[in-house]
Amino acid sequence: MAVERKKTMTKEIMNQAIADSFKKLNPWAMIKNPVMFVVEIGTVITLLLSLAPDLFDTTEVGRGYNIAVFLILLFTLLFANFAEALAEGRGKAQADSLRKTKSDTMARLVQKDGSYKEVSSTSLRKGDVVRIENGEIIPSDGEIIEGLASIDESAITGESAPVIKEAGGDFSSVTGGTRVASDYIIVKVTTDPGESFLDRMIALVEGAKRQKTPNEIALTTLLAVLTLIFLIVIVTMVPMAKYLDVKLEISTLIALLVCLIPTTIGGLLSAIGIAGMDRVTQFNVLAMSGKAVEAAGDIDTMILDKTGTITFGNRMASEFVPVNNLPAKDIIFTALQASVKDETPEGRSIVELANKLGETWPADSYQGAEVVEFAAETRMSGLNLADGNQVRKGAVDAIKKYAAARGGKIPSDLEAITNRIAKAGGTPLAVAVNERIYGVIYLKDTVKPGLKERFAELRAMGIKTVMCTGDNPLTAATIALEAGVDEFIAEAKPEDKIAAIKKEQQEGKLVAMTGDGTNDAPALAQADVGLAMNSGTMAAKEAANMIDLDSDPTKLLSVISIGKQLLITRGALTTFSIANDIAKYFAIIPAMFILAMPQLQALNIMNLASPESAILSALIFNAIIIPLLIPIAMKGVKYRAMSANKLLSRNILIYGLGGVVVPFIGIKIIDMVLHGLNIV
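According to numbering that gives the first Met the number 0, the stretch in the sequence shown is residues 0 to 679, in order.
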């Protein structure tokens with residue numbers, strides 16, 4: 000995870016990967032990769048020929064040639080296994096760091112009579128209730144049912160700042176392995192042993208439950224078919240050679256087969272998939288499957304909440320606007336009265352702004368006042384003062400109805416002020432005392448810096464962005480314009496998000512969205528990629544197929560880039576691998592038949608020294624290209640925001656043309672070295 004990121008490529012991991020490269024030679028492991036399994040069969044046959052050159056009545060070449068082919072094939076297998084083992088090793092290193100967090104802690108189990116019993120965390124079952132106090136480790140995943148505390152989640156997220164969790168609402172879930180940093184909480188366990196969030200993280204990170212994705216399975220099938228086709232081609236060469244009176248050695252036919260089948264991508268395919276999952280995890284996102292990562296790379300539409308995702312989410316008072324040319328002092332003082340007992344971020348910001356403007360209200364002035372809490376039905380809050388006056392602040396239409404019901408007149412400039420604030424992207428709150436409206440509080444939510452540029456990148460990729468907000472259409476339109484999103488849904492309810500997702504999916508598009516609340520769970524489950532916040536409810540995390548451990552809703556933008564990078568890396572290396580075969584064809588085919596058909600000399604455009612040198616040079620290049628491409632498989636091909644057509648053209652130019660040119664150069668250099676050293 001984030002705290003261990005610098006340790007994911009150590010000497011120990013490299014040494015273990017080398018050891019695992021030999022262990023993976025087990026045929027039962029190799030058979031999962033058809034391409035490399037064929038190479039292994041060829042390696043075994045050339046080993047037998049090295050021990051007994053006349054085993055198949057082939058004595059034209061010496062033992063040394065057979066040994067050379069055997070060693071090159073063996074290293075081809077080891078290099079491919081090393082790539083996979085290295086990717087797995089990085090995941091296991093992350094899993095080990097998580098296991099340190101998952102120590103066998105003790106839990107204070109709440110009994111039916113209210114007493115406590117000390118038990119091991121491993122004995123806790125779903126439904127058990129435990130009490131965790133300041134400084135103690137939370138023993139299992141659960142929901143807070145009583146209390147409020149700051150939770151240190153650095154062991155999971157790498158973030159040092161504790162987060163506040165409390166009973167009820169969207170921030171009541173806690174994760175086993177995190178620590179209570181203040182106060183106490185009563186938690187109801189929501190998982191059985193071995194099924195916790197941390198257990199799943201460990202299993203997924205180390206690859207124990209990594210399943211091949213649909214694209215990976217399809218590509219594996221394609222590679223297997225290509226291998227079968229080339230195997231048939233090689234077999235048909237035997238009667239052709241006999242007709243031409245050309246003696247083809249078994250080891251040469253095996254060398255040709257190995258060079259022509261897509262061994263490069265066959266050897267790197269598994270490593271690319273594992274490394275893709277690893278990159279997501281290093282970014283502090285837990286993907287429930289490789290399929291989710293791939294789906295992120297194919298996303299067409301993103302559904303984003305405004306508050307907390309596009310904007311910072313804390314609407315702060317920025318201005319007090321009086322109506323009908325009333326003194327500014329009147330609206331400031333009235334707003335202060337309405338907010339002095341309001342503990343929400345908006346309420347506190349109103350008090351702070353009033354104080355900053357020089358307005359105060361001593362505590363003894365509102366002793367005995369009745370606090371009126373905000374309610375969804377009234378959309379207002381305030382105080383009922385001891386002198387009988389009722390101070391209210393709330394949504395403008397709610398305050399207008401409140402004042403009109405008491406015989407008050409609606410200020411003539413109220414609508415104009417409200418529209419001005421809404422068009423500027425702010426939230427207007429009207430303030431009244433009894434039937435008289437004094438003015439409007441301008442609450443402003445700020446768009447996060449850099450988002451407009453990120454959305455422009457997504458647009459260049461062909462991805463549509465849709466903002467969902469509960470704001471009125473005017474405010475929504477202003478924020479959408481400032482943020483640079485393509486579309487917006489104003490006054491959105493939870494069911495509107497699901498409807499928007501289904502509408503896009505019915506058009507054949509893949510949809511991604513973020514969420515953290517229980518009411519987001521249905522939409523997260525409906526989306527093709529659902530990114531839940533770790534700080535959110537357990538329902539949201541269970542519905543999503545990705546969890547952001549940093550609880551940063553904008554992380555979805557980066558997850559899409561990682562998904563696209565995975566798909567591009569696989570496609571680029573597949574293109575490079577298949578393009579390689581062209582050069583190998585020009586190296587080996589003339590070498591095999593040039594004695595019987597001198598006309599094939601025209602195909603020997605690399606002017607290789609001898610038939611044996613040509614075959615060994617192509618085979619050596621085929622082996623060493625795998626470790627040379629491991630860094631690209633691990634890091635991924637650099638992704639640039641551009642249209643799919645431009646991206647395809649660019650990758651074909653680099654990896655297609657490069658895949659043709661590089662082998663010509665590489666094979667020729669190896670041939671010169673072999674000939675110069677008089678090896679062949």
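For glycine and all other residues, C-beta sits at the position ideal for the given N, C-alpha and C.
Please classify G113 as buried or exposed, where buried requires at least 16 neighbouring CB atoms within 10 angstroms.
Counting every other CB atom within 10 Å of its CB across the protein chains shown gives G113 a total below 16, marking it as exposed.
Can you check the stretch 433-484 for any beta strand (DSSP E) of at least 3 residues that lies completely inside it and give the ranges in chain order?
The stretch 433-484 contains these whole beta strand (DSSP E) runs: 435-443 and 463-467.
Using the three-state DSSP reduction, which class does P138 fall into: helix, strand or coil?
Residue state for P138 is assigned as coil, using DSSP reduced to three classes.
Do you know how far the Cα of F69 is from the Cα of I260?
I260 and F69: Cα-Cα distance of roughly 17 Å.
Beta-carbon separation of T174 and I137 under 8 Å?
Yes, they are a contact pair.
In chain order, each beta strand (DSSP E) run of at least 3 residues that lies wholly inside the stretch 527-561
Secondary structure in the stretch 527-561: the beta strand (DSSP E) runs of 3 residues or longer, each lying completely within the stretch, are 528-532 and 545-547 in chain order.
How close, in whole Å, do the beta carbons of A531 and G507 come, if the pair is a contact with beta carbons under 8 Å?
Contact doesn't hold; Cβ gap of about 25 Å is too wide.
Contiguous beta strand (DSSP E) assignments of at least 3 residues, all confined to the stretch 314-344:
The qualifying runs are 315-321.
Coil, strand or helix - T189 by DSSP
Under the three-state reduction of DSSP output, T189 falls in the coil class, being neither helix nor strand.
Measure the beta-carbon distance from G469 to E486 and round it to whole angstroms, keeping in mind my assumption that it falls under 8 Å.
In fact, because the Cβ distance is near 16 Å, the residues do not count as touching under 8 Å.
Distance, Cα to Cα, T300 vs K422?
Each residue's Cα considered, the two are about 26 Å apart.
Could you spell out the range, first to last residue, of the beta strand (DSSP E) harbouring Y115?
Taken as a continuous stretch (DSSP letters only), the beta strand (DSSP E) holding Y115 covers Y115 to S119.
Whether or not the stretch 39-51 and the stretch 249-265 are in contact is what I'm after, with contact meaning three or more pairs of Cβ atoms, one per stretch, closer than 8 Å; do they touch?
Three or more beta-carbon pairs drawn from the stretch 249-265 and the stretch 39-51 are found closer than 8 Å, and the two stretches are therefore classed as touching.
As a quick exercise: from A590, R314, R107 and E135, pick the residue whose alpha carbon is nearest that of D127.
Comparing Cα-Cα distances from D127 to each of A590, R314, R107 and E135, the minimum goes to R107.
Shortest alpha-carbon distance to Y691 belongs to which of P448, F36 and F592?
Here the chain covers residues 0 to 679 and nothing more, so residue 691 does not appear.
Rounded distance between the beta-carbons of A524 and A542, thought under 8 Å:
About 4 Å separates the beta carbon of A542 from that of A524, a gap short enough to meet the 8 Å contact definition.
Counting along the chain, where does the beta strand (DSSP E) carrying Q389 start and finish?
Where Q389 is concerned, the enclosing beta strand (DSSP E) stretches over Q389 to A394.
Roughly how many angstroms lie between the CA atoms of D140 and A539, to the nearest whole one?
The straight-line gap from Cα to Cα measures roughly 14 Å.
Contacting residues, own chain, Cβ-Cβ under 6 Å from P521 (five flanking each side not counted)
Scanning its chain for C-beta atoms nearer than 6 Å, with the 5 sequence neighbours on each side dropped, one finds around P521 the residues I497, in chain order.
Same chain, Cβ closer than 7 Å to L673, five either side skipped, listed in chain order
Hits under 7 Å: S612, L615, S616 and V679.
Using 8 Å for Cβ pairs, my map puts G684 next to E293. What's the rounded Cβ distance?
Outside the shown range of the chain, which is 0 to 679, sits residue 684, and nothing can be said about it.
Exposed or buried, which one is M13 when buried takes at least 16 other CB atoms within 10 Å?
By the 16-neighbour rule on beta-carbons within 10 angstroms, M13 is exposed.
With distances taken Cα to Cα, identify the nearest neighbour of G88 among E145, K10 and L123.
Minimum Cα distance to G88 is reached at K10.
With which residues is L247 paired in a DSSP beta bridge?
BP columns for L247 are empty, so no partner.
Measuring alpha carbon to alpha carbon, tell me which residue in S120, P626, M605 and E456 is nearest I669.
The residue with the shortest Cα to Cα distance from I669 is M605.
Of the choices G176, S172, V320 and L602, whose alpha-carbon is the least far from that of K187?
Closest by alpha carbon: S172.
Within 10 angstroms of its Cβ, does A207 collect 16 or more other Cβ (buried), or is it exposed?
Any reading at A207 needs caution, since the residue's pLDDT is 46, under 50, leaving its predicted position unreliable; the model's value is listed next. It is exposed - the Cβ of A207 has fewer than 16 other Cβ atoms within 10 Å.
Distance, I264 Cα to F36 Cα
If you take the alpha carbons of F36 and I264, they lie about 13 Å apart.
Can you give the Cα-Cα distance for K22 and Q15, rounded to whole angstroms?
When only Cα atoms are considered, K22 and Q15 end up about 10 Å apart.
If you check the beta carbons only, do I398 and I436 fall under 8 Å apart?
In this structure, I436 lies closer than 8 Å to I398 by Cβ.
Under a three-way DSSP split, which group does K164 fall into?
For K164, the three-state secondary structure derived from DSSP is strand.
Please tell me whether V432 and N388 are closer than 8 Å, where the distance is taken between their beta carbons.
Yes, the Cβ-Cβ distance between V432 and N388 is below 8 Å.
Tell whether a beta-carbon distance below 8 Å holds between V303 and M466.
Here residue 303 is Leu; the residue named in the question, Val, does not match the sequence. Contact annotation: L303 and M466 have beta-carbon atoms nearer than 8 Å.
As assigned by DSSP and simplified to three states, the class of F487:
DSSP places F487 in the strand class (E or B) of the three-state scheme.
As assigned by DSSP and simplified to three states, the class of P361:
When secondary structure is reduced to three states using DSSP, P361 falls in the coil class, being assigned neither helix nor strand.
Taking DSSP as the reference, what is the three-state secondary structure of P427?
Residue state, collapsed to three classes: strand.
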